[in-house]
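This report concerns only the one structure given below.
There are 2 protein chains.
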Amino acid sequence: MPREITAFSNPLIKRVRNLRDKKHRREEGLFLAEGLRILTEAREAGRLPQYLFFAADMAGHALVKALVTATEAAGGEAIETNADILSKLSGKDNPGAVVGVYPEFAVQLEALDRSSAAIWLVAERLRDPGNLGTILRTADAVGAGGLILVDECVDPFSVEAVRASMGALFTVPVVRASWAEFRDWLREGPGQLVGLSLDTKSDYRAARYAAPTFLLTGNEAQGMPDYMAAECDLLVKIPMLGKADSLNAAVATAVMAYEVLNQSR
Amino acid sequence: MPREITAFSNPLIKRVRNLRDKKHRREEGLFLAEGLRILTEAREAGRLPQYLFFAADMAGHALVKALVTATEAAGGEAIETNADILSKLSGKDNPGAVVGVYPEFAVQLEALDRSSAAIWLVAERLRDPGNLGTILRTADAVGAGGLILVDECVDPFSVEAVRASMGALFTVPVVRASWAEFRDWLREGPGQLVGLSLDTKSDYRAARYAAPTFLLTGNEAQGMPDYMAAECDLLVKIPMLGKADSLNAAVATAVMAYEVLNQSR
Chain A
1 MPREITAFSN
11 PLIKRVRNLR
21 DKKHRREEGL
31 FLAEGLRILT
41 EAREAGRLPQ
51 YLFFAADMAG
61 HALVKALVTA
71 TEAAGGEAIE
81 TNADILSKLS
91 GKDNPGAVVG
101 VYPEFAVQLE
111 ALDRSSAAIW
121 LVAERLRDPG
131 NLGTILRTAD
141 AVGAGGLILV
151 DECVDPFSVE
161 AVRASMGALF
171 TVPVVRASWA
181 EFRDWLREGP
191 GQLVGLSLDT
201 KSDYRAARYA
211 APTFLLTGNE
221 AQGMPDYMAA
231 ECDLLVKIPM
241 LGKADSLNAA
251 VATAVMAYEV
261 LNQSR
Chain B
266 MPREITAFSN
276 PLIKRVRNLR
286 DKKHRREEGL
296 FLAEGLRILT
306 EAREAGRLPQ
316 YLFFAADMAG
326 HALVKALVTA
336 TEAAGGEAIE
346 TNADILSKLS
356 GKDNPGAVVG
366 VYPEFAVQLE
376 ALDRSSAAIW
386 LVAERLRDPG
396 NLGTILRTAD
406 AVGAGGLILV
416 DECVDPFSVE
426 AVRASMGALF
436 TVPVVRASWA
446 EFRDWLREGP
456 GQLVGLSLDT
466 KSDYRAARYA
476 APTFLLTGNE
486 AQGMPDYMAA
496 ECDLLVKIPM
506 LGKADSLNAA
516 VATAVMAYEV
526 LNQSR
């Protein structure tokens, strides 16, 4: 049976709210996700929360019930609460019906099977959590094998990244690795490393991609360093007709990823 | 000569900071933009701030000097200040060298020349300011004639939208119109209205686009209403191989816009 929490002063509320900070996520090994759609996506992927907070007035909703049942069956705790508490936990004025607290998970490079997908996304020093989440959502859509975060990227378990991923964080493998680790692993087997660049004449549409293709997107402000560009098997650019010299990183990744997908369809 | 403001209590600082709220923007008819790159883009497009705040230790930078000179020549005021004030104005811990306060501008549908571009972007009830700014940035890149915001969209002059646009707000015409106004204007001349939809079998890559193409992107959560889909000359979908049923709105718009551009190259 779910217990009930309606007091802001409850220590668990404070603890969960603190998971909005990276420091506390690291200490606890836990992160936050919110919304019926995302938590259901997680459940269907076999990920269940350690704590599930749900709005009392939504307790009868079939998807809420399914989440409560699955959470308790997996040894987690379901906690009935109200909109004010959910709003405090999620940081949104209009919170969804549910907030879940999940154990962080990590995938290692060695666990990836590169032959399982034609496209893999790679991002280096990605700074914006919204971009990270959006790239994960795109990775899901193009059937990418996973997202490899190279060097110091923003935390994929931040509230903003999880939100922007719309649940893809739970379904797309995310690996964190240094550039050297990634490069060494990549070169142990087949794989075309394709870099998005402004310093090339190769049009992304004219280039030919070979599976498995590893699409490398550089840092939002600086692009990728020269030594990464030098390691790429192919550098391509997306044409830009306007006054600006670059696209948003998540947009550029998606335009490229769909071209790779279209060539393999 | 620039005057100097270093006191948080200065009434102009409070007034400018209030422009982060839509209510104050509407009352003043002013909005905020920040960063040397964006303000320089604006200057090159002929847009100059009413107030230009710049960091004293950056006063010698060529682009800052050019902004100060152009602002004063156009009758605006340049104000020398410090990082703390700039941080307060921009809401960022690491503010750029400059913050500008600009008069809002509006473009009417009737002022658009549809024959001037092959692609036009249209978004209905867009909710996220980051998506709006990112779509503007894409509009610039694909050489779109403008962005038409249909019905109640997020404010294009919000700090987040201006930031995500990376200056494209100053170079890409943005029009706000009701659905009826847009539809009536569209049907007065040539133009193929193409809607992004999940309820069609037409693959976006197999479809053929005719200039001028008006790409309609629906609301992030709900997509477009049936009566808008019914008005479209063509509905197309972007294939999705994963578990999620939709892409981020700015990503979907960009994938579509590049396909239209590629067909015309």
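Protein chains in written order, with this note's numbering: chain A, 1 to 265; chain B, 266 to 530.
Just so you know, even glycine gets a beta-carbon here, dropped at the ideal spot from N, CA and C.
Test item: CB-CB of residue i and residue j under 8 Å
| i | j | result |
| --- | --- | --- |
| F297 (chain A) | I148 (chain A) | Because chain A is modelled from 1 through 265, residue 297 (chain A) falls outside the range shown and cannot be assessed. |
| A252 (chain A) | N131 (chain A) | no |
| A141 (chain A) | M521 (chain B) | no |
| L32 (chain A) | V236 (chain A) | no |
| G507 (chain B) | P477 (chain B) | no |
| V172 (chain A) | A144 (chain A) | yes |
| L109 (chain A) | A177 (chain A) | yes |
| E369 (chain B) | L295 (chain B) | yes |
| A168 (chain A) | L136 (chain A) | yes |
| L461 (chain B) | G483 (chain B) | yes |
| A239 (chain B) | A254 (chain A) | Residue 239 (chain B) cannot be examined here, being either before or after the span of chain B that is shown, 266 to 530. |
Length of the line joining the Cα atoms of residue i and residue j
| i | j | result |
| --- | --- | --- |
| A371 (chain B) | E453 (chain B) | 21 Å |
| G133 (chain A) | A320 (chain B) | 34 Å |
| Y367 (chain B) | A180 (chain A) | 46 Å |
| P2 (chain A) | K88 (chain A) | 20 Å |
| E41 (chain A) | G100 (chain A) | 12 Å |
| Y576 (chain B) | G35 (chain A) | Since the first residue shown for chain B is 266 and the last is 530, residue 576 (chain B) is missing from the structure and cannot be characterised. |
| P490 (chain B) | S202 (chain A) | 40 Å |
| M323 (chain B) | D286 (chain B) | 28 Å |
| L247 (chain A) | R43 (chain A) | 34 Å |
| V16 (chain A) | L86 (chain A) | 11 Å |
| Y209 (chain A) | R26 (chain A) | 38 Å |
| G325 (chain B) | A362 (chain B) | 11 Å |
| E229 (chain A) | A343 (chain B) | Inspection of the sequence shows that residue 229 (chain A) is occupied by Ala rather than by Glu. Between A229 (chain A) and A343 (chain B), the C-alpha separation is close to 41 Å. |
| A272 (chain B) | Q315 (chain B) | 20 Å |
| L39 (chain A) | R302 (chain B) | 40 Å |
| L480 (chain B) | A486 (chain B) | 18 Å |
| L277 (chain B) | R47 (chain A) | 51 Å |
| A118 (chain A) | L261 (chain A) | 8 Å |
| T465 (chain B) | V194 (chain A) | 32 Å |
| V154 (chain A) | V174 (chain A) | 12 Å |
| R530 (chain B) | K330 (chain B) | 40 Å |
| K14 (chain A) | E337 (chain B) | 51 Å |
Cβ neighbours of residue i in the same chain (closer than 7 Å, five flanking residues each side left out)
| i | result |
| --- | --- |
| N18 (chain A) | H24 |
| W185 (chain A) | L109 |
| D151 (chain A) | E124, R125, S178, W179 |
| A348 (chain B) | A320, P360 |
Buried or exposed by the 16-neighbour rule on C-beta atoms within 10 Å, applied to residue i
| i | result |
| --- | --- |
| P421 (chain B) | buried |
| T334 (chain B) | exposed |
| Y204 (chain A) | buried |
| D93 (chain A) | exposed |
| E524 (chain B) | buried |
| L67 (chain A) | buried |
| F318 (chain B) | buried |
| S355 (chain B) | buried |
| E345 (chain B) | buried |
| L463 (chain B) | exposed |
| P129 (chain A) | buried |
| A488 (chain B) | Correcting the residue type first, residue 488 (chain B) is Gly in the shown sequence and not Ala. The residue is buried, with at least 16 neighbouring Cβ atoms inside 10 Å. |
| R428 (chain B) | buried |
| P95 (chain A) | buried |
For residue i, the residue or residues it bridges with in DSSP
| i | result |
| --- | --- |
| P103 (chain A) | A:L30 |
| V175 (chain A) | A:V107, A:I148 |
| T217 (chain A) | A:A123 |
| T81 (chain A) | A:A55 |
| R268 (chain B) | B:I344 |
Own chain residues within Cβ distance below 6 Å of residue i, not counting five before or after
| i | result |
| --- | --- |
| A404 (chain B) | L386, L412, V437 |
| A310 (chain B) | F435, T436 |
| A161 (chain A) | P129, L132, G133 |
| E4 (chain A) | E80 |
9 Å Cβ cut-off: residues of chain E touching residue i
| i | result |
| --- | --- |
| T69 (chain A) | In the structure shown, chain E does not exist; the protein chains are A and B. |
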